[in-house]
Amino acid sequence: MNATIARLSTQALIGRRRGLVLVLIPAVLLVLAVVVRLLTDDPAGYDAVTELAFTLALPLVALLAATAVLGPEVDDGSIVYLLSKPISRHRIAVSKFVVAWAATLLLGVLPLFVAGVVLDGSDLRRALAWGVGAAVAGTAYTALFLGLAAFTRHAVVVGLLFALLWEGVLSSVLDGIRWVSIGAWGREVAARISPSITGEDLGMGYAVVAAVLVTVGAVWFAGDRLRSFTLRGDE
Amino acid sequence: MSTLTIDRASRWYGNVVAVNGISMTVRPGVTGLLGPNGAGKTTLIALMSGFLAPSAGTVTLDGQPIWRHTDAYRLIGLVPERELSFGYLTGRQFVLANAELHGLADAGAAAERALEIVEMTEPAGRRIGTYSKGMRQRVKLASALVHDPAVLLLDEPFNGVDPRQRLHLMTLLRRMGAQGRTVLFSSHILEEVEQVARQIEVVVSGRHAASGDFGQIRRLMTDRPVQYVVTADDDRALAAALIAEPSVVAVSLRRGGGVDVSVADFGSFTVRLPQVARQHGIRVLELMPTDESLESVFSYLVGGQA
Amino acid sequence: MTDPALSDPALPDPALPDPSTATPAGGSVIHDLGYRPYTGPRLAPPAIARSLVVTGLRNAFGLGRSGRSKVLPFVLLAFNLMPALIIGGVMVFVGLDRLPIGYAQYASTTQVLLGIFVASQAPVLFSRDLRHGTIALYLARPLPAAAYAVSRWASLLGATLVFLLSPILLLYAVSLLGELDVTDQTRDAGIAIGLAVLLAMSLAGVAGVIASWSTRRGFAVVATIAVLLIGNGIVTAIQGISQEVGKPLVGEVAELFSPYSLYRGLMSMWTGFDAPTPPTGVVMQTAYVVVFVALAGGCLATLVHRYRTVASA
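So the sequences go chain by chain: A, B and C. Quick note on our numbering: the first sequence kicks off at -17 and runs consecutively. Quick note on our numbering: the second sequence kicks off at 11 and runs consecutively. Quick note on our numbering: the third sequence kicks off at 306 and runs consecutively.
1. When the distance is taken between beta carbons, is C/Lys375 closer than 9 angstroms to C/Leu368?
2. Could you tell me which uninterrupted alpha helix (DSSP H) segments, each at least 4 residues in length, are contained entirely in the region 136 to 187 of chain B, listed from first to last along the chain?
3. Only counting the same chain, and skipping five residues up and downstream in sequence, which positions put a Cβ closer than 7 angstroms to that of C/Ala464?
4. Assign A/Val43 to one of two classes, buried (16 or more other C-beta atoms within 10 Å of its C-beta) or exposed (fewer than that).
5. Grab the span of the beta strand (DSSP E) containing B/Asp270 for me, first residue to last.
6. Does A/Leu(-10) have its Cβ less than 9 angstroms from a Cβ in chain B?
7. Quick one: grab the DSSP three-state call for B/Glu350.
8. Who are the near neighbours of B/Asp223 in its chain, counting only those whose CB is closer than 8 angstroms to its CB and skipping five residues on each side?
9. What three-state label does DSSP hand C/Ala580 in the structure shown?
10. From the DSSP output, which residues share a beta bridge with C/Leu448?
11. Does A/Pro54 get closer than 9 angstroms to chain C when you measure Cβ to Cβ?
12. Out of A/Arg207, A/Leu106, A/Leu94, state which residue places its alpha-carbon closest to the alpha-carbon of A/Phe133.
13. Please return the same chain residues whose Cβ sits closer than 6 angstroms to the Cβ of C/Asp434, not counting the five positions on each side in sequence.
14. For a cutoff of 9 angstroms on Cβ pairs, would you count C/Ile421 as touching chain A?
15. Kindly list the residues whose CB is nearer than 6 angstroms to the CB of C/Met306, restricted to its own chain and excluding five residues on each side of it in sequence; keep chain order.
16. Applying a beta-carbon distance threshold of less than 9 angstroms, which residues of chain B neighbour A/Leu213?
17. From the DSSP output, which residues share a beta bridge with B/Ser221?
18. If you count every other CB in all the chains shown that lies within 10 Å of the CB of A/Asp183, and 16 or more means buried, which is it?
19. Name the chain C residues that come within less than 9 angstroms of A/Arg19, Cβ to Cβ?
20. Which residue comes first and which comes last in the beta strand (DSSP E) that contains B/Tyr23?
21. Measure from the C-beta of A/Asp24 to each C-beta in chain C and report whether the shortest distance is under 9 angstroms.
22. Counting along the chain, where does the beta strand (DSSP E) carrying B/Phe195 start and finish?
23. Does DSSP put B/Met130 in a helix, in a strand, or in coil?
24. What three-state label does DSSP hand C/Tyr565 in the structure shown?
25. In whole angstroms, what separates the C-alpha of A/Pro54 from that of A/Ala48?
26. Give me, in chain order, the residues of the same chain whose beta-carbon lies closer than 7 angstroms to that of A/Ile(-4); leave out the 5 immediate sequence neighbours on both sides.
27. Rounded to the nearest angstrom, what separates C/Ile543 and A/Val51 at their Cα positions?
28. So the candidates are B/Ser215, B/Ala219, B/Val271; which of them puts its Cα closest to the Cα of B/Gly48?
29. Keeping to the same chain, check which residues put their C-beta closer than 7 angstroms to that of C/Leu534; ignore five residues upstream and five downstream.
30. Tell me, please, whether the CB atom of C/Trp566 is closer than 9 angstroms to any CB atom in chain A?
31. Please confirm whether A/Val10 has its beta-carbon closer than 9 angstroms to some beta-carbon of chain C.
32. I need the boundaries of the beta strand (DSSP E) containing B/Pro299, first residue and last residue.
33. Using DSSP with H/G/I as helix, E/B as strand and the rest coil, what is B/Gln237?
34. Quick one: what does DSSP say C/Ser432 is sitting in, helix, strand or coil?
35. Does B/Asn108 have its Cβ less than 9 angstroms from a Cβ in chain A?
36. Of all the CB atoms in chain F, is at least one closer than 9 angstroms to the CB of C/Arg521?
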């Protein structure tokens, strides 16, 4: 982990427009939580908001963060300034991952926890469960999208297809997908912490181990891909 | 004092050969890498800076291969061709970040020193997005000098830089070379290389076409005769006619047909050959240069195109 | 061995006629092969706009661009058509007497694919030129900036319509071949096409505005998806709650705030499929249609304004 790279990546992340949307998503979510709380005490409201936050807002924030720290630099070749230093490629990948991870935790996971508290202040355990589940899923999401960003220029669309199509639409149709769905793993962890959440019947061990494996593997892969970066002339 | 050694290095992408069996030694001092666009200069610099692995052959710095050897970057400073795009950082912040990434003990002082060398101390407080092209080149150079490297690689450093800044950069490079650093820069403009580099390496179509002092290369071209093979309907008569020409040095008849001609004055030979052939009623069927390397060096250095 | 006539070209050959007597004096001319500007008839701006629309439509599917840019739109289109093909196959083999999924309902089910398609192809039409500065080449032509913006929007609209209408037409053809009631099917298909046009107009508008605002492609895609799907999610949540609580009007009003929910609401009223808090009453339905069109119009106005600003900058 290198502090200078982390600082440079943070500066790239907070760039005007991207930073705006990155903050806007959790802001909108919290506003929604407040509005729903004012409208009703019905548990359906809680479920609706947390569903939205977990299946949509969390992956989108992770995708934005991961593609912001790696994508533009690789695209315009300025990553060569980071790579032509006596720093191992994996350290560079880890430093970038840490920055994207911090952004996801702050702007994807924390708002989810806060929304849970706003919607039902009495069941703190449930809000905490969602927070922990989101932390597990968010970490794996960030790592996966970072790996994608190091691999292809179309990382964003592929990430979207994964998060929305594979984990969203298809998983509601095919049961087996929950074994290879990051969202399902996070939900399973949340279910084990609070009984008010329905799990995916995977087992906490499997969910955590799978998330850790994906995280470590994807960050390692990103570092490996950085080694294959080549100088290109003005083309 | 470090030496970069390239030993029969080749690099290919599928069917396209970008670098074809090049051997050269880059010693302390300023070396110019000269060649037309697409000759493989950037690929060569990528090989030398550890961003590409050679498909064959070796590229070593003081005996150590550079590929996958990130410690080599302590000795190498790279100035890539791509535009500097950290527009939101100031010049000083950028050079400082580079110093920190090298793990220098006093990064701030090193950054200031580097900025002083390139004479950018005063504009360093402004954002890079506001710089002119020449200023960006100088900041790139400062970021490459910040760790006092023994080897400096510059990819087309004079591209798009205005004359005054170019003069300044040239003086800088000469000074670096005089300090004992190994400086290599690439260009496709003859005059730039002539004025700065002591040693020139000419690369054409991925091949190493010539190496050495520029004046000596030109002399070699005129001193060394160009070889042609001419096939005609009457070889012997053509040979007899050609040896009478002042531009021809030697003729010999080939066993399978055709005449090997050694020519000292390429220009007048090409004018005289058709005239001689018509005078003697000989039909020339084929005219082929056999000395490709000299042909390519010559046509590039004199004619401008490979 | 040697012909004396060939030995010196300066001497005229007595056997051949003198070529210089063939051309009359003053008949020689040297043609100007340098740059010559075009002085012929030129097409008017409507024709320019038309060709721009067609080119944009082709570019949205990667035609006229590199091979790799064709992969994504066609893959998404294939995914979109797959269920229709499967349904068609099932109908042919099993011989159902009605379509298992309504024409209009189809787009509601594949809304994620549609969203990704619009989000990923809008930058192709809007962000590319702004990012690389080639917009100057377009705006320095007789076509006004406003017409350029509308043409680009029309291209995206066309591409989205291709995406939306192809399954409808496929299902319609299958139902005709399966000899289902022609008037029923035509009426259903017609309503679906009308709804699809409304949806396509607003989606193209939203995606276009976001793509022209953020010139980085990846970021524009995520931002568009975020706006469309999160907006839709919020509206659905509020709808669900308002239904539970027993205040459907809140849900109906909330439905106005997302193109997908507007589509669902109108669809449920006009084709008889269920949706939470559909718009009841003519007033509400008219309001829905008006909002739909106004959304598209507002986005279009924003686009025109943006390109006018770029043109005068």
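Here a beta-carbon is modelled for each residue, glycine too, at the ideal position from N, C-alpha and C.
Let me spell this out:
1. Position 63 of the third sequence holds residue 368 of chain C. Position 70 of the third sequence holds residue 375 of chain C. Yes, Cβ-Cβ distance for C/Leu368 and C/Lys375 is below 9 angstroms.
2. 143 to 155
3. Here the question's residue 464 of chain C lines up with position 159 in the third sequence. Once the five neighbours on either side are set aside, the close Cβ partners of C/Ala464 are Leu362, Ala365, Phe366, Gln426.
4. Against the first sequence, residue 43 of chain A aligns to sequence position 61. By the neighbour-count rule (16 or more Cβ atoms within 10 Å), A/Val43 is buried.
5. Locating residue 270 of chain B in the second sequence gives position 260, counting from the first residue. That run of the beta strand (DSSP E) goes 269 to 273.
6. Position 8 of the first sequence holds residue -10 of chain A. A/Leu(-10) counts as touching chain B.
7. Look at the range of chain B in this structure, 11 to 316, and you will see that residue 350 of chain B is not part of it.
8. As a working mapping, residue 223 of chain B is identified with position 213 in the second sequence. Excluding residues within five positions, the ones whose Cβ falls inside 8 angstroms are Arg208, Gln209, Ile210.
9. As a working note, residue 580 of chain C is residue 275 in the third sequence. C/Ala580: coil per DSSP, three-state reduction.
10. The count along the third sequence starts at 1 and reaches residue 448 of chain C at position 143. According to DSSP, which records beta bridges pairwise, C/Leu448 is partnered with nothing at all.
11. Here residue 54 of chain A corresponds to residue number 72 of the first sequence, with the count starting at 1. Yes, because at least one Cβ of chain C sits closer than 9 angstroms to the Cβ of A/Pro54.
12. Here residue 133 of chain A corresponds to residue number 151 of the first sequence, with the count starting at 1. For the residues A/Arg207, A/Leu106, A/Leu94, the minimum Cα distance to A/Phe133 belongs to A/Arg207.
13. If you number the third sequence from 1, residue 434 of chain C lands on position 129. Only Ile440 meet the Cβ criterion.
14. Counted from its first residue, the third sequence places residue 421 of chain C at position 116. With 9 angstroms as the cut-off, C/Ile421 counts as an interface residue toward chain A.
15. Translated into the one-based positions of the third sequence, residue 306 of chain C becomes position 1. Model confidence at C/Met306 stands at a pLDDT of 47, short of 50, so the residue's coordinates are unreliable; what they give is reported in the following sentence. Here the set comprises nothing.
16. Counting from one through the first sequence, the residue named residue 213 of chain A turns up at place 231. Here the neighbours are Thr52, Thr53, Ile55, Ala56, Ser59, Phe61, Leu62, Leu88, Pro90, Glu91, Arg92, Asp165.
17. The residue labelled residue 221 of chain B in the question sits at position 211 within the second sequence. According to DSSP, B/Ser221 bridges with B/Glu211.
18. Numbered from its first residue, the first sequence carries residue 183 of chain A at position 201. The residue in question, A/Asp183, is exposed, as its Cβ has fewer than 16 Cβ neighbours within 10 Å.
19. Stepping through the first sequence from its first residue, residue 19 of chain A is reached at position 37. Ordered by position in chain C, no residue passes the 9 angstroms Cβ test against A/Arg19, which lies about 10 angstroms from the chain.
20. Here residue 23 of chain B corresponds to residue number 13 of the second sequence, with the count starting at 1. B/Tyr23 -> beta strand (DSSP E) spans 14 to 23.
21. Position 42 of the first sequence holds residue 24 of chain A. Taking 9 angstroms as the CB threshold, A/Asp24 lines the interface with chain C.
22. By 1-based counting over the second sequence, the position of residue 195 of chain B is 185. Unbroken beta strand (DSSP E) run through B/Phe195: 192 to 197.
23. Counting from 1 along the second sequence, the entry for residue 130 of chain B is found at position 120. The answer is coil: DSSP assigns B/Met130 none of H, G, I, E or B.
24. Looking up residue 565 of chain C in the third sequence gives position 260. Of the three classes helix, strand and coil, the one that applies to C/Tyr565 here is helix, per DSSP.
25. Position 72 of the first sequence, counting from 1, holds the residue named residue 54 of chain A. Position 66 of the first sequence, counting from 1, holds the residue named residue 48 of chain A. Taking the straight line joining both Cα atoms gives about 11 angstroms.
26. Walking along the first sequence from the start, residue -4 of chain A turns up at place 14. So no residue of the chain qualifies.
27. The count along the third sequence starts at 1 and reaches residue 543 of chain C at position 238. The count along the first sequence starts at 1 and reaches residue 51 of chain A at position 69. Taking the straight line joining both Cα atoms gives about 35 angstroms.
28. The residue given as residue 48 of chain B occupies position 38 in the second sequence. Nearest of B/Ser215, B/Ala219, B/Val271 to B/Gly48, Cα basis: B/Ser215.
29. Stepping through the third sequence from its first residue, residue 534 of chain C is reached at position 229. Around C/Leu534: Gly420.
30. Counting from one through the third sequence, the residue named residue 566 of chain C turns up at place 261. The question names Trp, but residue 566 of chain C is Ser in the sequence shown. With respect to chain A, the C-beta atom of C/Ser566 has no partner C-beta closer than 9 angstroms.
31. Against the first sequence, residue 10 of chain A aligns to sequence position 28. At least one chain C Cβ lies under 9 angstroms of A/Val10.
32. Within the second sequence, residue 299 of chain B is the residue found at index 289, counting from 1. 294 to 299 is the span of the beta strand (DSSP E), which, as asked, contains B/Pro299.
33. As a working note, residue 237 of chain B is residue 227 in the second sequence. Looking at B/Gln237 - three-state DSSP - the assignment turns out to be strand.
34. Counted from its first residue, the third sequence places residue 432 of chain C at position 127. Residue state, collapsed to three classes: helix.
35. Here residue 108 of chain B refers to the residue found at position 98 when the second sequence is read from its first residue. Yes, contact with chain A.
36. Given the protein chain composition of this structure (A, B and C), no chain F is represented.
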